[in-house]
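Peer 1: Same order as they appear, the protein sequences are chains A and B.
Reminder that position 236 of the first sequence reads as 297 in my numbering, one-by-one numbering, no gaps.
Reminder that position 169 of the second sequence reads as 230 in my numbering, one-by-one numbering, no gaps.
Below you will find the structure I want to go over with you.
Protein chains: 2
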Amino acid sequence: MISANASHSLDTLLARRAFEFDHANPILADLPKETSETISLAYGDADPRLFPIKELISSVDGLLSEKRDAVLNYAPVDRELTELVARRLQKRGVVVDEQNILITYGSSQILGLLPQIMLNQGDVVIVEGPTFLGAIEYFVTQGATIETIPVGDHGMDIDALADTLQRLAAHGKQAKFIYTIPTHHNPTGTMMPLANRKRLLSLAATYGVLVLEDDAYGDLDFRGEMAASLLTLPGSEWVLHIGTFSKILAPGVRMAWAYGPTPVMQRLRKFQSDQGAGPFITRLVSYIAKDGWLEQHINVLNSAYAYKYATMRDAMAQHFPQDVRVSTPSGGFFVYGYLPLDMPARALIDVAIAHGVSFLPGTVGYANGGGTHEMRLAFSFQSEAHIVEGITRLGEAMRVHRAQG
Amino acid sequence: MISANASHSLDTLLARRAFEFDHANPILADLPKETSETISLAYGDADPRLFPIKELISSVDGLLSEKRDAVLNYAPVDRELTELVARRLQKRGVVVDEQNILITYGSSQILGLLPQIMLNQGDVVIVEGPTFLGAIEYFVTQGATIETIPVGDHGMDIDALADTLQRLAAHGKQAKFIYTIPTHHNPTGTMMPLANRKRLLSLAATYGVLVLEDDAYGDLDFRGEMAASLLTLPGSEWVLHIGTFSKILAPGVRMAWAYGPTPVMQRLRKFQSDQGAGPFITRLVSYIAKDGWLEQHINVLNSAYAYKYATMRDAMAQHFPQDVRVSTPSGGFFVYGYLPLDMPARALIDVAIAHGVSFLPGTVGYANGGGTHEMRLAFSFQSEAHIVEGITRLGEAMRVHRAQG
Numbered sequence: 062m063i064s065a066n067a068s069h070s071l072d073t074l075l076a077r078r079a080f081e082f083d084h085a086n087p088i089l090a091d092l093p094k095e096t097s098e099t100i101s102l103a104y105g106d107a108d109p110r111l112f113p114i115k116e117l118i119s120s121v122d123g124l125l126s127e128k129r130d131a132v133l134n135y136a137p138v139d140r141e142l143t144e145l146v147a148r149r150l151q152k153r154g155v156v157v158d159e160q161n162i163l164i165t166y167g168s169s170q171i172l173g174l175l176p177q178i179m180l181n182q183g184d185v186v187i188v189e190g191p192t193f194l195g196a197i198e199y200f201v202t203q204g205a206t207i208e209t210i211p212v213g214d215h216g217m218d219i220d221a222l223a224d225t226l227q228r229l230a231a232h233g234k235q236a237k238f239i240y241t242i243p244t245h246h247n248p249t250g251t252m253m254p255l256a257n258r259k260r261l262l263s264l265a266a267t268y269g270v271l272v273l274e275d276d277a278y279g280d281l282d283f284r285g286e287m288a289a290s291l292l293t294l295p296g297s298e299w300v301l302h303i304g305t306f307s308k309i310l311a312p313g314v315r316m317a318w319a320y321g322p323t324p325v326m327q328r329l330r331k332f333q334s335d336q337g338a339g340p341f342i343t344r345l346v347s348y349i350a351k352d353g354w355l356e357q358h359i360n361v362l363n364s365a366y367a368y369k370y371a372t373m374r375d376a377m378a379q380h381f382p383q384d385v386r387v388s389t390p391s392g393g394f395f396v397y398g399y400l401p402l403d404m405p406a407r408a409l410i411d412v413a414i415a416h417g418v419s420f421l422p423g424t425v426g427y428a429n430g431g432g433t434h435e436m437r438l439a440f441s442f443q444s445e446a447h448i449v450e451g452i453t454r455l456g457e458a459m460r461v462h463r464a465q466g
Numbered sequence: 062m063i064s065a066n067a068s069h070s071l072d073t074l075l076a077r078r079a080f081e082f083d084h085a086n087p088i089l090a091d092l093p094k095e096t097s098e099t100i101s102l103a104y105g106d107a108d109p110r111l112f113p114i115k116e117l118i119s120s121v122d123g124l125l126s127e128k129r130d131a132v133l134n135y136a137p138v139d140r141e142l143t144e145l146v147a148r149r150l151q152k153r154g155v156v157v158d159e160q161n162i163l164i165t166y167g168s169s170q171i172l173g174l175l176p177q178i179m180l181n182q183g184d185v186v187i188v189e190g191p192t193f194l195g196a197i198e199y200f201v202t203q204g205a206t207i208e209t210i211p212v213g214d215h216g217m218d219i220d221a222l223a224d225t226l227q228r229l230a231a232h233g234k235q236a237k238f239i240y241t242i243p244t245h246h247n248p249t250g251t252m253m254p255l256a257n258r259k260r261l262l263s264l265a266a267t268y269g270v271l272v273l274e275d276d277a278y279g280d281l282d283f284r285g286e287m288a289a290s291l292l293t294l295p296g297s298e299w300v301l302h303i304g305t306f307s308k309i310l311a312p313g314v315r316m317a318w319a320y321g322p323t324p325v326m327q328r329l330r331k332f333q334s335d336q337g338a339g340p341f342i343t344r345l346v347s348y349i350a351k352d353g354w355l356e357q358h359i360n361v362l363n364s365a366y367a368y369k370y371a372t373m374r375d376a377m378a379q380h381f382p383q384d385v386r387v388s389t390p391s392g393g394f395f396v397y398g399y400l401p402l403d404m405p406a407r408a409l410i411d412v413a414i415a416h417g418v419s420f421l422p423g424t425v426g427y428a429n430g431g432g433t434h435e436m437r438l439a440f441s442f443q444s445e446a447h448i449v450e451g452i453t454r455l456g457e458a459m460r461v462h463r464a465q466g
């Protein structure tokens, strides 16, 4: 019997998982702070000069004048937005069942929900190293044991994946899902070749593992080409695909979509307590996207981001020491750098900040402590002038760091 | 060892909780469908004639012109919105620590998150009967065992609550939280008196149970009076308070807030994978609310909803049989009806739909099968003319049902 007079503490009321999450690694908190003088190349924000301000304002005007009640009251998920997502998937060759489309508050909502419906305590989740660190936190929150597969110049190392799956099976363990960003990878900017995509799905089917394809940068190809989504390849029944309006419209609208197998989508829908992004914002996105406007806007973005990448590439060639190797993305928001042994990223970032520039140390993308000599540079946010100045400062910081070493 | 050649099924990949939730009670699916001819009094939608369309359009214009980047890019939670919530709580007498305010995607996000951080499988959650059924689903999803406390003319029956807490303690069980809507209760429209609020908190402190105060209708008082939030009473350290912009601005913006004890708020923040409502929509709300506009707007709403309630009250007095008893709300969106023994709500709803009107059967608000002779009527959505016509039709349906019986 519990005494009614015992002194009580709120902590005794919390679930076990609340405490487990307290131990999540605060890697970002450990980084030196940017100042107002810093040219930040650290974060993958969109370029605000490319936001469609006029179109957003006129869309809100049109939308609220035309459909007040559906936009501002409680309402089911916007059918037009679901149809827009269906059409865009169909254009890429996916045979779409609209019932399996889920509209979400940004990709992060799915990254939070999926582990809830798939993971029991200790279940294995396979991720790339490096990867989008935010994702790992969501998986660990729900009790995941993380296995890391290295990423090379062609995305995830599929041989290493095969070895890991075999090793897990030999120990009687089954991975629940594999999280991958096959197209314009975050943070490395690499692209998984078609043959590797096929092998990935073949392994998923053989071992019975779901593949979570994060296609955040799928539309952002410098030449406007679309890589084959895993949804279009043999074994696609093992694929949960997520895409987002963050990069092609604006991150601030916080809207994304997921498409995958019925048993998974049904449960995701049930666990989505807020029923997906709200009526106002979903209808705003489908309203502005109509009549092909979104596809034209994506063309504009691709030209602009291609030019910004070229600006960063040329500046790096001019200002970085020869032994700093950088990736050669064909889309997305990021260049990845591999630093020489005498230039650990954690030490370099302090010098960089002192020189008025920042980057994201590679360690932030690893669940297993890797990436000590790696760095992510975003060309997405800064203006071309700031990209050139930022890379110039960073090259200087590298030389100063080396001279001090 | 798991054979690599075994035939695999996606179902084997899902977590236990995914299957538990499959058994959630589909009460709403069992109801007859409304048609385009139905005057629906079932749902608590806001009155679209009261939406501030012009102000929303001009706010979007001003906001996107003034603060493009903060509004459309990735951004931390809107400080101005947090300050707005803080000011509104302070005005009610709460001593506010801004760090303990969380902005969320509608109240439903909190109702989904709280059980995640508080419940281990089988933990007890105490709810009112009837209550907002959506809430129960979120609790059950995370493994809650539900205990129901009756609601009378003065809200939750505090004697029954005391008995339940004592019984649980005698069996060595501790309830994790008590979910209550003390002000303009959904669905009954009742108000918990101050003395009962104080007893509720005294019991919470004695037994060490969190109280989840859902204050969705707190601002909507016909005379513009605010009841004492549980946050302002002795024992407030056991209170998690949630409020929403759904009723005072527009449900479609999907925005709400939570305020409570640090250990709870810290964990809620960590588990909120999407970081709360997006930059665009949060900044739109704080922009439109500034300079006292929101408080003026709430005054307008209260006058309008008071008038709509009076319209429904008078129509019920004229058209309902004498032995149908109805609640007398002083705010909120709902009237609750208690039906005679020969008039079960589930049978009446079929006749009502045939007469072109609908209501919500009381059973929808009970986790324990109660409410068979109860009904909820919303005066919030329909125009005054439709309220009169709907109540006229419902009175006719009651007489027809009785004549058929």
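Note that CB positions come from ideal geometry on N, CA and C, so glycine has one too.
These numbers were taken from a predicted model, which means no experiment stands behind them.
Tell me where the alpha helix (DSSP H) around Y268 (chain A) begins and ends.
Peer 2: Position 207 of the first sequence, counted from the first residue, corresponds to residue 268 (chain A). It spans 255–268 - the alpha helix (DSSP H) in which Y268 (chain A) sits, taken as one unbroken run.
Peer 1: Relative to the alpha-carbon of L281 (chain A), which residue among A:Q227, A:L310, A:T192 has its alpha-carbon at the smallest distance?
Peer 2: Along the first sequence, one-based indexing puts residue 281 (chain A) at 220. Measuring from the Cα of L281 (chain A), the nearest candidate turns out to be A:L310.
Peer 1: Using a Cβ-Cβ cut-off of 7 Å, state whether A311 (chain B) counts as contacting chain A.
Peer 2: Counted from its first residue, the second sequence places residue 311 (chain B) at position 250. For A311 (chain B), the answer is yes, since a Cβ of chain A falls inside 7 Å of its Cβ.
Peer 1: Please confirm if G321 (chain B) has its CB atom under 7 Å from at least one CB of chain A.
Peer 2: In the second sequence, the residue the question calls residue 321 (chain B) occupies position 260. For G321 (chain B), the answer is no, since every Cβ of chain A falls outside 7 Å of its Cβ.
Peer 1: If you follow the alpha helix (DSSP H) that Y368 (chain B) is part of, which residue opens it and which one closes it?
Peer 2: As a first step, residue 368 (chain B) must be located in the second sequence, where it is residue number 307. Taken as a continuous stretch (DSSP letters only), the alpha helix (DSSP H) holding Y368 (chain B) covers 354–380.
Peer 1: Can you pull the chain B residues whose beta carbon is under 7 Å from the beta carbon of F395 (chain A), in chain order?
Peer 2: In the first sequence, residue 395 (chain A) corresponds to position 334, counting from 1. Residues of chain B passing the Cβ test: none, with the nearest at roughly 14 Å.
Peer 1: If we count the other Cβ atoms within 10 Å of its Cβ and call it buried at 16 or more, is G167 (chain B) buried or exposed?
Peer 2: As a working mapping, residue 167 (chain B) is identified with position 106 in the second sequence. With 16 or more other Cβ atoms within 10 Å, it is buried.
Peer 1: Report the residue from B:G432, B:L226, B:V418, B:G392 whose alpha carbon sits nearest the alpha carbon of M404 (chain B).
Peer 2: Translated into the one-based positions of the second sequence, residue 404 (chain B) becomes position 343. Closest by alpha carbon: B:G432.
Peer 1: Along the stretch 116–148 of chain B, where does the CB come closer than 7 Å to a CB of chain A? Name the residues.
Peer 2: L117, I118, V121, D122, L125, R129, D130, V132, L133, N134, Y135, A136
Peer 1: Examine chain B for any beta-carbon lying closer than 7 Å to the beta-carbon of R77 (chain A), and answer yes or no.
Peer 2: Residue numbering aside, residue 77 (chain A) sits at position 16 when the first sequence is read from its first letter. At least one chain B Cβ lies under 7 Å of R77 (chain A).
Peer 1: Tell me which same chain residues have a C-beta within less than 7 Å of the C-beta of G173 (chain A), skipping the five on either side of it?
Peer 2: Counting from 1 along the first sequence, the entry for residue 173 (chain A) is found at position 112. The answer, listed in chain order, is Y199.
Peer 1: Using CA atoms only, rank isn't needed, just tell me which of B:L402, B:W354, B:E450, B:L262 is closest to H472 (chain B).
Peer 2: Chain B is shown only over 62 to 466; residue 472 (chain B) falls outside these bounds and no answer can be derived.
Peer 1: My output table needs one value for D158 (chain B): the three-state DSSP class, helix, strand or coil.
Peer 2: As a working note, residue 158 (chain B) is residue 97 in the second sequence. In the three-state DSSP reduction, D158 (chain B) falls in the coil class, being neither helix nor strand.
Peer 1: According to DSSP, simplified to helix, strand and coil, what is K237 (chain A)?
Peer 2: Working through the first sequence from its first residue, we reach residue 237 (chain A) at position 176. It is a strand residue.
Peer 1: Using the Cβ count rule (16 or more neighbours within 10 Å means buried), how would you classify N360 (chain B)?
Peer 2: As a working note, residue 360 (chain B) is residue 299 in the second sequence. Exposed: under 16 other Cβ atoms inside 10 Å.
Peer 1: Should T143 (chain B) and E159 (chain B) be called a contact, given that it needs their Cβ atoms to be closer than 7 Å?
Peer 2: The residue labelled residue 143 (chain B) in the question sits at position 82 within the second sequence. The residue labelled residue 159 (chain B) in the question sits at position 98 within the second sequence. Note that the C-beta distance between T143 (chain B) and E159 (chain B) is below 7 Å.
Peer 1: I309 (chain B) by DSSP, collapsed to three states: which one?
Peer 2: Locating residue 309 (chain B) in the second sequence gives position 248, counting from the first residue. In the structure shown, I309 (chain B) sits in coil (DSSP, three-state: anything other than H, G, I, E or B).
Peer 1: Taking N247 (chain A) as the reference, which of A:I239, A:A266, A:G216 has the closest Cα?
Peer 2: For the purposes of this step, residue 247 (chain A) is taken as residue 186 along the first sequence, with counting starting at 1. Of the candidates A:I239, A:A266, A:G216, the one whose C-alpha sits nearest the C-alpha of N247 (chain A) is A:G216.
Peer 1: Would you please state the rounded distance, in angstroms, between the beta carbons of A428 (chain A) and V185 (chain A)? I believe it to be under 8 Å.
Peer 2: Translated into positions along the first sequence, residue 428 (chain A) becomes position 367. Translated into positions along the first sequence, residue 185 (chain A) becomes position 124. Between V185 (chain A) and A428 (chain A) the Cβ distance is about 12 Å, and since that is not below 8 Å, they are no contact.
Peer 1: Below 9 Å on C-beta distance, what does T20 (chain A) contact in chain B?
Peer 2: Outside the modelled stretch of chain A, which goes from 62 to 466, sits residue 20 (chain A), for which no answer is possible.
Peer 1: Go to L271 (chain A), then tell me how far its beta strand (DSSP E) extends in each direction, as first and last residue.
Peer 2: Taking the first residue of the first sequence as 1, we reach residue 271 (chain A) at position 210. Looking at the DSSP string, the run of the beta strand (DSSP E) that includes L271 (chain A) is 271–275.
Peer 1: Based on Cα-Cα distance, which residue from B:R129, B:P322, B:R78, B:R149 lies nearest to T305 (chain B)?
Peer 2: Mapped onto the second sequence, residue 305 (chain B) falls at position 244. Residue B:R149 is the option with its Cα nearest to T305 (chain B).
Peer 1: Could you pull out every residue in the same chain whose Cβ sits closer than 6 Å to the Cβ of F420 (chain B), ignoring the five residues on either side in sequence?
Peer 2: On the second sequence, residue 420 (chain B) is found 359 positions in, with the first residue counted as 1. Result list for F420 (chain B): L102, A103, M436, L438, in chain order.
Peer 1: Report the partner residues of L71 (chain A) according to the DSSP bridge assignment.
Peer 2: Walking along the first sequence from the start, residue 71 (chain A) turns up at place 10. In DSSP, L71 (chain A) forms no bridge with anything.
Peer 1: Out of B:R129, B:D411, B:E116, point me to the one whose CA is closest to I112 (chain A)'s CA.
Peer 2: Along the first sequence, read from residue 1 onward, the residue named residue 112 (chain A) stands at position 51. The sequence shown places Phe at residue 112 (chain A), rather than the Ile named in the question. Cα-wise, what sits closest to F112 (chain A) is B:R129.
Peer 1: Can you pull the chain B neighbours of M179 (chain A), defined as C-beta to C-beta under 9 Å?
Peer 2: In the first sequence, the residue the question calls residue 179 (chain A) occupies position 118. Within 9 Å Cβ-Cβ: L74, L75, A76, A79.
Peer 1: What does the alpha-carbon distance come out to for the pair T267 (chain A) and T202 (chain B)?
Peer 2: Within the first sequence, numbered from 1, the residue matching residue 267 (chain A) stands at position 206. Within the second sequence, numbered from 1, the residue matching residue 202 (chain B) stands at position 141. Roughly 32 Å separates the two Cα atoms.
Peer 1: With DSSP as the reference, label T293 (chain A) as helix, strand or coil.
Peer 2: For the purposes of this step, residue 293 (chain A) is taken as the residue at position 232 of the first sequence. DSSP places T293 (chain A) in helix when its eight states are reduced to three.
Peer 1: Quick one, which of A:L145, A:K308, A:R328 has its alpha-carbon nearest L301 (chain A)'s?
Peer 2: Numbered from its first residue, the first sequence carries residue 301 (chain A) at position 240. For the residues A:L145, A:K308, A:R328, the minimum Cα distance to L301 (chain A) belongs to A:R328.
Peer 1: In this structure, how does DSSP classify P109 (chain A) when only helix, strand and coil are distinguished?
Peer 2: Here residue 109 (chain A) corresponds to residue number 48 of the first sequence, with the count starting at 1. Three-state result, P109 (chain A): helix.
Peer 1: How would you write the range of the alpha helix (DSSP H) that E127 (chain A) sits in, first residue to last?
Peer 2: Numbered from its first residue, the first sequence carries residue 127 (chain A) at position 66. Note, E127 (chain A): alpha helix (DSSP H), 114–127.
Peer 1: Got a sec: is the Cβ-Cβ distance from P295 (chain A) to anything in chain B below 7 Å?
Peer 2: On the first sequence, residue 295 (chain A) is found 234 positions in, with the first residue counted as 1. Output row for P295 (chain A): interface = no.
Peer 1: What do you reckon, are the CB atoms on L145 (chain B) and S347 (chain B) nearer than 7 Å?
Peer 2: Within the second sequence, the letter at position 84 stands for residue 145 (chain B). Within the second sequence, the letter at position 286 stands for residue 347 (chain B). Contact check for L145 (chain B) against S347 (chain B) passes: the beta carbons are separated by less than 7 Å.
Peer 1: Verify the CB distance criterion: does R437 (chain B) have a CB-CB separation below 7 Å to chain A?
Peer 2: Sequence index remark: in the second sequence, residue 437 (chain B) carries index 376 (1-based). No - not a single Cβ of chain A is within 7 Å of the one on R437 (chain B).
Peer 1: Examine chain B for any beta-carbon lying closer than 7 Å to the beta-carbon of R460 (chain A), and answer yes or no.
Peer 2: The residue you call residue 460 (chain A) lines up with position 399 of the first sequence. R460 (chain A) does not count as touching chain B.
Peer 1: Just the chain A side, please: which residues come within less than 9 Å of D220 (chain B) by C-beta, in chain order?
Peer 2: In the second sequence, the residue the question calls residue 220 (chain B) occupies position 159. Correct list: empty, because the minimum Cβ distance to chain A is about 16 Å.
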